[in-house]
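A.B. asks: Got a structure for you, questions after.
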Amino acid sequence: MNKPQNIHISDYNYPLPDERIAKFPLAERDSSKLLVYDHGEVREDVFTSLPSYLPSNALMVFNNTKVIQARLHFRKASTQDGVQGALIEVFCLEPASPNDYQLNFSQRGCVTWYCLVGNLKKWKEGSLSRAIEMPDGQTLTLSCERLGLHGTSHEIRFTWDGDYTWAELLDAVGELPIPPYLNRETQESDKRTYQTVYSKIKGSVAAPTAGLHFTERVLKAIDDAGIEREELTLHVGAGTFKPVKSEEIGGHEMHTEHIAVRRQTIEKLIAHGGKAIAVGTTSVRTLESLYYMGVKSLSLTDESGDGEELHVEQWLPYEYVERCEAYGAEPLSTVEALRALLDYMGRHAMDVLHSSTQIIIAPGYDYHIVRRMVTNFHQPQSTLLLLVSAFVKGDWHKIYDYALSHDFRFLSYGDSSLLMP
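The numbering used here puts the first residue of the sequence shown at 179, with every later residue one more than the last.
Here is the structure:
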């Protein structure tokens, strides 16, 4: 087969004028346009019609991650002559210690995170501090210090006084990190509109934006149509906005994202023949990673029982196909892989699988679980556009040309599409 590593990202470009990027959401989430791609045919509808296009008895999977207020601002101490110190931004990416999200958020007094630092050249040494007034009127001091580099991010220790959890501090002083391409400051309204109505598990620094269109009435219509709903968690990292800078995608390193999937979810996938409707590319990447985690679970010779040993490397899907072809072997069926994963969880008494994935889904990828996809319109030359192209067998131009010529709104706060290849 043609190696996806040799794909030229320039082949996945299209003109996206700034005025087509939705800077704010519509007043009613579910009044957005819905582009329906139905086996090569494209038409337009409204998002509230989504349930009418879905088969009854199907399984629809949502990502229930919640965006955290991950941007923190500190100011260096004023100089002796009274000049105000430099403003430093610390952008929390993922927990370092404790490395479990929920455990980290519940800590009091001290945590460490991997972070990006804005205006780093002005923070050469020492710690930064700021006073914080909590909602109950108490004032405390939050400090941070750099511990060292971790790849392209910095490990930073945060310490504070007072009997408050890290989650309470972030809620009190953090800023919600809206996407950089919106080119505006975060507003109070974003705290509500940049979360899905079903968000539950804190950890993302970007929203799973395909889910922003759903309202309680659309979810009820899905239930009334006999469509089963299930949730999983993938914490969206800042890497989701990372541009592909290499000419060929083989030179692009995918970011790692952390997932949590319940035993019940895998059992339901098996009951539905290993097929699902995915809401958003984050759900897509999680579901497709489950297949390869099942494959990996069968090849482990010395299991630790730590779900991270099932981590899906970037190119694993393509290497697995090559190995099967080289040995004349049939790849595992979807249900076989999911059963293997369920067996792994059973051996280690896991009710929830915690693992991670770097999967890159590009043309040449064979989908195993996802049969229909709800997704927004993605940036040119992005890995998400590659994922869509792989799903519609290269027919992405037809979809995007239609959207551009029919006044669809693009990116995070933009309109939606239902892809049925």
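Every residue gets a Cβ at the ideal spot worked out from N, C-alpha and C, and that includes glycine.
My understanding is that LEU510 touches LEU468, with C-beta atoms under 8 Å, so please give their C-beta distance in whole angstroms.
C.D. replies: That belief does not hold up - the Cβ atoms of LEU510 and LEU468 are roughly 12 Å apart, past 8 Å.
A.B. asks: So, is ARG501 buried or exposed, given that buried needs 16 or more other C-beta atoms within 10 angstroms?
C.D. replies: Under this definition ARG501 is an exposed residue.
A.B. asks: Flag this pair as yes or no: are the beta carbons of ASN242 and THR460 separated by less than 8 Å?
C.D. replies: No.
A.B. asks: Roughly how many angstroms separate the alpha carbons of PRO229 and GLN247, rounded to a whole number?
C.D. replies: Roughly 32 Å between the two C-alpha positions.
A.B. asks: If you measure from the beta carbon of GLU445 to each beta carbon in chain D, is any gap under 8 Å?
C.D. replies: No chain D is part of this structure, which consists of one protein chain only.
A.B. asks: In the DSSP assignment, find the unbroken beta strand (DSSP E) run with GLY660 in it and report its ends.
C.D. replies: Nothing can be reported for residue 660, as the shown portion of the chain is limited to 179 through 599.
A.B. asks: Which whole runs of the beta strand (DSSP E) in the segment 557 to 592 are 3 residues long or more, in chain order?
C.D. replies: You should have found no qualifying run.
A.B. asks: If I follow the unbroken alpha helix (DSSP H) through MET312, where does it start and stop?
C.D. replies: Looking at the DSSP string, MET312 is not in any alpha helix (DSSP H), and its letter there is neither H nor E.
A.B. asks: Can we say the segment 357 to 366 touches the segment 190 to 204, given the rule of at least three CB pairs closer than 8 Å?
C.D. replies: These segments touch.
A.B. asks: Specify the secondary structure class of VAL548 as computed by DSSP and reduced to three states.
C.D. replies: Here VAL548 sits in strand by DSSP.
A.B. asks: Between MET238 and GLU445, how many whole angstroms is the CB-CB distance? I'm expecting something under 8 Å.
C.D. replies: MET238 to GLU445, Cβ: 16 Å. No contact.
A.B. asks: Starting from THR319, follow its DSSP beta bridges and name the residues at the other end.
C.D. replies: DSSP output for THR319 lists ALA309 as bridge partner(s).
A.B. asks: Please report the residue range of the beta strand (DSSP E) in which PRO273 lies.
C.D. replies: Residues 265 to 275.
A.B. asks: HIS430: buried (16+ other C-beta within 10 angstroms of its C-beta) or exposed?
C.D. replies: When all chains shown are included, HIS430 counts as buried.
A.B. asks: Could you say which of ALA236, GLU353, ASN184, THR226 lies nearest to GLY452 if we only look at CA atoms?
C.D. replies: Checked all of ALA236, GLU353, ASN184, THR226; the closest Cα to GLY452 is ALA236.
A.B. asks: Roughly how many angstroms lie between the CA atoms of VAL473 and TRP338, to the nearest whole one?
C.D. replies: About 44 Å.
A.B. asks: Using a Cβ-Cβ cutoff of less than 7 Å, which residues in the same chain neighbour HIS584 once the five nearest sequence positions on both sides are dropped?
C.D. replies: Counting only Cβ-Cβ distances below 7 Å, and skipping sequence neighbours, we find GLU222.
A.B. asks: Between the Cα of GLU353 and the Cα atoms of TYR342, ALA384, ARG525, which residue gives the shortest distance?
C.D. replies: Of the listed residues, the one whose Cα sits closest to GLU353 is ALA384.
A.B. asks: Under the assumption that PHE586 contacts LYS211 (Cβ atoms under 8 Å), give the Cβ distance between them as a whole number of angstroms.
C.D. replies: Contact flag correct, Cβ pair sits at about 6 Å.
A.B. asks: Report the CB separation of PHE392 from ARG550 in whole angstroms; it is logged as a contact under 8 Å.
C.D. replies: Wrong, their Cβ atoms sit about 15 Å apart, outside the cutoff.
A.B. asks: Which of helix, strand or coil does DSSP assign to ARG198?
C.D. replies: Helix, per DSSP.
A.B. asks: Among all the DSSP beta bridges, which residues are the ones paired with HIS526?
C.D. replies: Per DSSP, none; premise fails for HIS526.
A.B. asks: Between VAL351 and LEU596, is the Cβ-Cβ spacing less than 8 Å?
C.D. replies: Cβ atoms of VAL351 and LEU596: not closer than 8 Å.
A.B. asks: By the DSSP assignment, the alpha helix (DSSP H) with ALA248 in it spans what residues?
C.D. replies: Premise fails: ALA248 is in no alpha helix (DSSP H) and is neither H nor E.
A.B. asks: How far does the beta strand (DSSP E) with VAL457 in it extend, from its first residue to its last?
C.D. replies: From DSSP, the beta strand (DSSP E) with VAL457 extends over 454 to 457.
A.B. asks: Does the separation of the CB atoms of SER567 and TYR192 fall below 8 Å?
C.D. replies: Taking 8 Å as the Cβ cut-off, SER567 and TYR192 do not qualify as a contacting pair.
A.B. asks: Assuming LEU232 contacts ALA438 under a Cβ cut-off of 8 Å, what Cβ separation, rounded to an integer in Å, is found between them?
C.D. replies: The pair is not a contact, with the Cβ atoms about 25 Å apart (cut-off 8 Å).
A.B. asks: Grab me the residues of CYS288's own chain with a C-beta within less than 6 Å of its C-beta, minus the 5 sequence neighbours each way, in chain order.
C.D. replies: The answer, listed in chain order, is THR337.
A.B. asks: Please identify the residue among VAL513, LEU306, LEU397 whose C-alpha is closest to the C-alpha of VAL295.
C.D. replies: Nearest of VAL513, LEU306, LEU397 to VAL295, Cα basis: LEU306.
A.B. asks: Could you check the C-alpha separation between CYS293 and VAL570 for me, to the nearest Å?
C.D. replies: So the two alpha carbons sit approximately 36 Å from each other.
A.B. asks: When the Cα of GLY524 is compared with those of PRO541, SER475, VAL513, which residue comes out closest?
C.D. replies: Considering only alpha carbons, the answer is SER475.
A.B. asks: Could you pull out every residue in the same chain whose Cβ sits closer than 8 Å to the Cβ of LEU397, ignoring the five residues on either side in sequence?
C.D. replies: Here the set comprises VAL375, TYR376, ARG407.
A.B. asks: If you draw a straight line from the C-alpha of PHE240 to the C-alpha of GLU409, how long is it?
C.D. replies: Whole-angstrom Cα-Cα distance: 5 Å.
A.B. asks: Hey, out of GLY417, SER424, GLN442, GLU426, whose CA is closest to GLU435's CA?
C.D. replies: Among GLY417, SER424, GLN442, GLU426, the Cα nearest to that of GLU435 is on GLY417.
A.B. asks: Skipping 5 residues on each side, what residues in its chain have a beta carbon closer than 6 Å to that of ILE577?
C.D. replies: Counting only Cβ-Cβ distances below 6 Å, and skipping sequence neighbours, we find TYR215.
A.B. asks: Throw me the rounded Cβ distance for the ILE538 and GLN492 pair, which I believe falls under 8 Å.
C.D. replies: About 5 Å; that satisfies the 8 Å criterion.
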